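Working notes for the structure below.
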Amino acid sequence: MSLTHFDSLPLIYPEESTWPHLNDDSPLRKEISDVEHELLLLERQISELSRIKEAKKAELGMLRNELAPIHRLPLEIISRIFEEACHPGVDVTQANSALTAAFIPRVCAVWMKIAYTSPRIWSKLHLNTYQHSKAIKCDPSWVKRWLDRSGTLPIDLDLDFSRRGNLALRRDLDANKLMMLILDFCERIRSLKVRAHLKTVSPLFRLPPDSFPLLEEVHIMTIPGGSTVQVSSIKSFEGATNLREVKLSGIHNTYIPLVWMILPIEQLTSLQIDALAPEEIYVDILSRCSNLTSLDMCMSFSDMPVISEDIQISLPSLQSLSLSCHATSSLLCCITAPLVTDLCVGLRGDQDIRILARDLERFQQRSSANLVSFTLTDLGYATGNNNEIMDGLTTILKTVSSISRFHLHGEHYVDINTKLVRKLTYMEGSPILLPNLTCFEMNWSLLSFQLEIRLPGLKDMILSRTSYLAVDGGNTSVVRLCRVSIRGIKIQKEDIARIREIPGLMFDCEHFG
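According to my numbering, the stretch in the sequence shown is residues 51 to 563, in order.
Here it is, written out as structure tokens:
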């Protein structure tokens with residue numbers, strides 16, 4: 051279309067009355083104001099409609115959620131599912147239960163209501179500075195809300211404040227605040243596991259004796275660092291009438307001095323101690339442990355006190371005994387425990403294994419214990435030549451000849467272990483060590499595996515006590531192996547395949563890496 055076409059169009063002029071007088075623009079301004087007001091009303095209506103729309107969407111979502119299969123279950127079952135999700139039947143340190151419990155209520159209003167009215171979810175709390183650093187650094191009042199939701203249920207706590215970092219001091223202060231808030235619920239605490247600096251757990255040590263009426267289990271591990279704590283005596287657990295299990299330990303030179311602790315020793319059934327103390331403290335504690343069924347003592351430092359052989363300690367109820375000691379402080383020489391079935395002995399420092407063998411013989415002479423399981427750890431600390439070490443090891447195994455389970459853990463000694471495997475190999479008409487053995491475990495170090503160290507005769511020993519014996523134990527003098535676990539030892543793939551074909555044998559060959 052050309053411009054000449056527009057030139058030919060007639061001009062149209064508005065009526066003169068439609069133009070406002072230049073000196074009177076009020077009608078136009080009023081009209082503008084009215085339109086702006088109408089726009090404002092429309093915007094408000096749009097905003098209100100948007101709000102109503104979002105509310106309807108939320109309502110629709112809730113109605114659709116009601117149709118979800120899980121919401122057709124009874125509330126009790128949904129609550130139990132949430133509990134299992136937050137606290138699965140695994141090691142609590144492997145499950146991020148705190149994070150799971152925090153997320154569930156955020157899914158929807160229904161889940162929030164169910165979660166907040168399920169006290170068992172909130173009756174357990176696991177915290178560590180690696181997984182939950184933000185939670186530890188933020189306002190600690192969330193801990194009170196968490197534990198408040200547990201209602202009147204007993205509380206189980208696992209608190210690991212040991213991780214170090216650039217903000218270590220700040221984290222210590224944050225952890226200390228958390229600890230003080232948690233201890234406001236001390237009357238409902240059933241189990242308490244803490245790994246932290248002494249400064250962090252210091253509020254725990256200043257409570258009166260009647261603070262833990264429900265406490266059944268307490269584990270305290272102190273770690274290096276932080277400021278020192280001056281405490282004359284710790285009476286916090288003295289009145290814990292339900293306390294049955296106590297574990298006290300430290301790392302390096304950081305310990306809870308046993309001389310501080312006042313414990314209801316007579317009622318304990320399980321005691322684990324890794325701490326420095328004078329001889330009389332150990333003797334006093336153990337002499338009052340009449341109900342103890344499990345004892346684990348680690349006296350692994352060269353400056354541990356000397357335990358006199360003249361001291362006699364009777365533990366009439368003890369069933370499980372684990373000792374890691376220097377020869378000069380070995381408790382085996384003074385303990386009598388006739389009901390022990392599970393014995394674990396660990397070497398510490400440069401030690402003549404023949405002295406350990408002597409102490410073990412004397413222990414058995416006094417106790418006449420019907421041992422079922424025996425564990426020997428840290429064989430690498432044994433001193434002497436290979437023949438002396440083998441003589442001591444042979445004496446030990448003859449002393450515990452009735453056992454059905456034998457676990458050997460520690461550094462590699464190829465010559466010694468080769469001789470040991472040979473003595474465990476069944477040959478008709480020849481003497482054999484541990485004729486009742488059904489479970490054998492050998493655990494070597496990571497270094498052994500990295501060096502690709504092999505153990506000659508291991509396969510032959512296993513075959514001699516499995517395939518070469520009747521499955522029903524036809525040979526009356528030797529019991530058939532049922533389970534073998536090997537860790538850290540290089541085994542040929544064809545040998546592994548051959549062993550795994552043996553009927554009735556559970557074979558676990560776990561490599562590092």
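Think of the CB as a built atom: it goes at the ideal place given N, C-alpha and C, for glycine as much as any other residue. Computed from a predicted structure; not experimentally measured.
Rounded to whole angstroms, what is the Cα-Cα separation between residue i and residue j?
i                 : j                 : result
glycine 399       : proline 204       : 43 Å
isoleucine 128    : histidine 121     : 8 Å
glycine 460       : leucine 426       : 8 Å
glycine 554       : asparagine 467    : 25 Å
alanine 105       : aspartate 198     : 31 Å
valine 85         : glycine 201       : 60 Å
asparagine 178    : phenylalanine 211 : 6 Å
aspartate 260     : cysteine 236      : 10 Å
serine 191        : arginine 245      : 21 Å
leucine 207       : aspartate 334     : 30 Å
proline 506       : tryptophan 494    : 15 Å
alanine 218       : threonine 250     : Unreliable positioning characterises alanine 218 in this predicted model, as indicated by a pLDDT of 47, which lies under 50. A coordinate reading is not provided.
lysine 243        : tyrosine 166      : 25 Å
glycine 215       : methionine 230    : Residue placement at glycine 215 is flagged as unreliable, the pLDDT there being 47, under the threshold of 50; the coordinate-derived value follows with that caveat. Going from the Cα of glycine 215 to the Cα of methionine 230 covers about 22 Å.
lysine 297        : lysine 107        : 55 Å
serine 527        : isoleucine 549    : 23 Å
valine 268        : glutamine 322     : 10 Å
threonine 445     : arginine 195      : 60 Å
phenylalanine 562 : glycine 538       : Residue placement at phenylalanine 562 is flagged as unreliable, the pLDDT there being 47, under the threshold of 50; the coordinate-derived value follows with that caveat. In a straight line, the C-alpha of phenylalanine 562 is about 6 Å away from that of glycine 538.
lysine 469        : glutamine 362     : 36 Å
isoleucine 102    : glutamine 95      : 10 Å
threonine 272     : isoleucine 385    : 28 Å
cysteine 559      : leucine 508       : 12 Å
aspartate 409     : cysteine 383      : 5 Å
alanine 404       : isoleucine 232    : Alanine is not the amino acid found at residue 404; the sequence shown has arginine there. The straight-line gap from Cα to Cα measures roughly 50 Å.
aspartate 324     : glutamate 551     : 43 Å
cysteine 158      : glutamine 542     : 55 Å
glutamate 329     : serine 358        : 9 Å
isoleucine 453    : serine 417        : 15 Å
threonine 291     : histidine 457     : 36 Å
Assuming the contact rule is C-beta atoms closer than 8 Å, residue i and residue j should be a hit. Round their C-beta distance to whole Å, please.
i              : j                 : result
leucine 397    : methionine 347    : Going by Cβ atoms, the distance from leucine 397 to methionine 347 rounds to 14 Å, so no, they are not a contact pair.
valine 390     : phenylalanine 424 : Actually they do not touch by this definition, with Cβ atoms about 10 Å apart.
isoleucine 284 : phenylalanine 255 : 5 Å
leucine 318    : leucine 342       : 6 Å
proline 169    : methionine 162    : Rounded, the Cβ-Cβ distance is 15 Å, inconsistent with contact.
serine 535     : glutamate 491     : 4 Å
isoleucine 315 : arginine 338      : 4 Å
serine 340     : proline 366       : 7 Å
Just verifying my parser: in three-state terms, what is the DSSP assignment at residue i?
i              : result
asparagine 178 : strand
lysine 540     : strand
lysine 285     : coil
alanine 432    : strand
glutamate 359  : coil
isoleucine 546 : helix
alanine 246    : strand
glutamate 295  : strand
leucine 321    : strand
arginine 256   : coil
threonine 202  : coil
glutamate 551  : coil
alanine 225    : helix
alanine 152    : helix
Provide the residue(s) that pair with residue i in DSSP beta bridges, ordered along the chain.
i              : result
histidine 457  : Thr425 and Glu491
serine 372     : Asp346 and Cys394
arginine 533   : Cys489 and Met556
glutamate 311  : The amino acid occupying residue 311 in the given sequence is methionine; glutamate does not appear at that position. Answer is Ile284, bridged to methionine 311.
aspartate 210  : Asn178 and Arg245
glycine 300    : Thr272
threonine 445  : DSSP output for threonine 445 lists no bridge partner at all.
arginine 504   : Lys540
isoleucine 385 : Ile363
isoleucine 239 : Ile205
What first and last residue would you give for the beta strand (DSSP E) that runs through residue i?
i              : result
lysine 80      : Run containing lysine 80: none in the beta strand (DSSP E); it sits in the alpha helix (DSSP H), 76-116.
methionine 477 : Counting along the chain, methionine 477 falls outside any beta strand (DSSP E), and DSSP gives it neither H nor E.
glutamate 267  : 267-272
glutamate 560  : 556-560
serine 514     : Per DSSP, serine 514 belongs to no beta strand (DSSP E); it is in the alpha helix (DSSP H), 508-514.
Provide the residue span of the alpha helix (DSSP H) that contains residue i, from first to last.
i              : result
serine 191     : 191-198
cysteine 136   : 125-136
leucine 365    : Per DSSP, leucine 365 belongs to no alpha helix (DSSP H) and is neither H nor E.
glutamine 415  : 403-417
glutamate 330  : 329-337
tryptophan 161 : 159-166
Any heavy atom of the ligand FMN closer than 8 Å to the Cβ of residue i?
i                 : result
phenylalanine 456 : Questions concerning the ligand FMN fall outside what the structure shown contains, since it holds no ligand whatsoever.
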